[in-house]
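The structure appears right after this line, and notes come after that.
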Amino acid sequence: MPATATVQRRLRRPKKFPYRPKPPPEPHPFLLHLKSLPSPVAAAASLLSAPRHLHDHPFAACVLYRVARARLFPLLPPLLAALRSLRVPLQPTAFAALIDHLGAASRPDAALLVFRAVPAFCSHSNATFHALLHSLVCNGRVDAARDMLPEAPKLGVRTNAVSYNIILKGVCHRDGFSGARVVLDEMLARGVRPTVVTFNTLVGSACREGELAAAERLVDEMTRRGVAPNAVTYALLMQGLCDAGRYDDAKKLLFDMEYRDCQPDVANYGVLMSACAACGDADGVKGLISDMRKRKMKPDDASYNVLIRCLCDAGRVDEAHRALVEMQLKDGTAPSAATYRVLLDGCCEARDFDLGLRVFNAMLASGHCSLPPTFRRLVRGLGEDGKAEEACFVLEQMGQRGMRLDAQGWQSVAACVCSSISASEMKLVDHLMSSS
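With UniProt numbering as the guide, the letters of the sequence shown map in order to residues 1 to 436.
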């Protein structure tokens, strides 16, 4: 049967070449030059003396970022004035970054001055407006931030849920849940639709104040307004219930989440695990980890940290060590430095220094390091148990990291070494003592 015209055209088409992504463009040489200069002041001088065609946003933003990161804030006003006289076309993102740096440095007045300098370069945007609100709120000027909201239309900025969420965070911290509820009502009156972040902020504030009924009403209000609660919403509610001693009610929320088509997250189980650990219920923590596996969830290192700490507090260090092995073999979770430190401290507390040394070796092999107090405690314990060679090994590791042993530790090591002395051990102890 002869091929149709469509098939013939398809056969005549050249074969498609495989897609090869283009490499990222090379940075401009002048940008590399500005970054390579030793000081931000030198970079600013180089920019201001550069030819006219190099007075552009990427180069000016690079210099401004360097000045802000170096906390040379008094240089910002004259530098901005010089850039304005050169008519450098800065973009709002550069000003938003400067305002964020000034807010983090507790300089809200300077942030306001930078904000007022924006119209000389470009139009205001939500980025600059929200950066200023965040700077004011973080420095305790919630009322000044709220007074900025009516000014937004004059600046060409339209307020949205992000604007009110920033205000809401500051009001919750200062006035509590009752004051935050007023902000939500104001938000609704102005036609701004709240988001899940808005309600989560309110739910967290209500739970911290013990207003659990109000928090539950907020969750119902979320559904009425078409905002779906997420795992963070329920984690906050669970935390409030656990703080009120209602662990069973908090655990029931796992089923309520599934009923409302919200899958539980590691954070939800983390709240329940912390509540079990606070009561010393290590078996309850184990059961929650097993439940996570049944739901095809992978427990993270924070989950195992809670279990290991709880087992160590109960003196069950062997089980804690098995949990450390289990998290790697069964779940493929790599222990963090905090995981090793919790277990090593538990071994020292239980005076199981043999197991502590094994954990210590595994910790070093994984690239982590213990804290100086744990080092000293392990050396003292090994010395008191008569394990001179092992104590000297830990001492050597301390010396490599610039840590020093206290007098009590040296006393226990010296007594141990003198009881079973060897030439190599004595030489090592002399070397370590002279270096300390």
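Every residue gets a Cβ at the ideal spot worked out from N, C-alpha and C, and that includes glycine.
| query | result |
| --- | --- |
| Just confirm the distance between the C-beta atoms of P194 and A145, as a whole number of angstroms; I'd bet it's less than 8 Å. | Not really, about 18 Å apart at Cβ, beyond 8 Å. |
| Specify the secondary structure class of P38 as computed by DSSP and reduced to three states. | coil |
| Work out the CA separation of L31 and R20 for me, nearest whole Å. | 27 Å |
| Look at the Cβ atom of A128, then the Cβ atom of F95, and state whether they are nearer than 8 Å. | A quick correction: the sequence has Thr, not Ala, at residue 128. Closer than 8 Å, so yes. |
| Would you please state the rounded distance, in angstroms, between the beta carbons of D352 and V317? I believe it to be under 8 Å. | 5 Å |
| Whole angstroms is fine: what's the gap from L112's alpha carbon to I99's? | 8 Å |
| For the alpha helix (DSSP H) that contains A81, what are its first and last residues? | 76 to 85 |
| Tell me, to the nearest whole angstrom, how far the beta carbon of P92 is from that of H57; I am working on the premise that it is less than 8 Å. | About 10 Å separates the two Cβ atoms, so there is no contact after all. |
| Once DSSP output is grouped into helix, strand and coil, what is the label at Q400? | helix |
| Could you give the residue range of the alpha helix (DSSP H) that holds L72? | No alpha helix (DSSP H) holds L72; DSSP gives it neither H nor E. |
| Identify the continuous alpha helix (DSSP H) that holds N268 and give its terminal residues. | 266 to 278 |
| Got a sec? Which residues, its chain only, sit under 6 Å from L75 by beta carbon, not counting five neighbours each side? | V67 |
| With M292 as the anchor, note down where its alpha helix (DSSP H) starts and where it stops. | 282 to 294 |
| Quick one: Cα of N200 to Cα of L241, how far? | 15 Å |
| Nearest-angstrom Cα distance between M238 and V137? | 28 Å |
| Just confirm the distance between the C-beta atoms of V171 and A180, as a whole number of angstroms; I'd bet it's less than 8 Å. | 5 Å |
| Answer yes or no: do P382 and M363 have a C-beta to C-beta separation smaller than 8 Å? | Looking at the sequence provided, one finds Leu at residue 382 rather than Pro. Against a cut-off of 8 Å, the Cβ pair of M363 and L382 comes out as no contact. |
| Using CA coordinates, which residue listed in C310, Y269, A302, L307 is at the minimum distance from A334? | A302 |
| Inspect the beta-carbon positions of V285 and V271 and report whether they are closer than 8 Å. | no |
| With a CB to CB cut of under 6 Å and the five nearest residues on each side skipped, what residues in its chain are close to N165? | V197, T198 |
| How should K154 be labelled, buried or exposed, when 16 other C-beta atoms within 10 angstroms of its C-beta is the threshold for buried? | exposed |
| Please classify M1: does DSSP put it in a helix, a strand, or coil? | Note that M1 has pLDDT 45, beneath the 50 cutoff, so the model's placement of it is unreliable and no number is given. |
| Quick one: using the 10 Å Cβ neighbour count with 16 as the cut-off for buried, is E26 buried or exposed? | exposed |
| Do V203 and L188 count as a contact pair if the criterion is CB distance below 8 Å? | no |
| Three-state secondary structure (DSSP) at T93? | helix |
| Starting from D147, trace the alpha helix (DSSP H) in both directions and tell me its first and last residue. | 142 to 148 |
| Can you tell me whether DSSP reads S366 as helix, strand or coil? | coil |
| Taking the alpha helix (DSSP H) that S163 falls in, what are its first and last residues? | 161 to 189 |
| Taking the alpha helix (DSSP H) that K252 belongs to, which residues open and close that run? | 247 to 259 |
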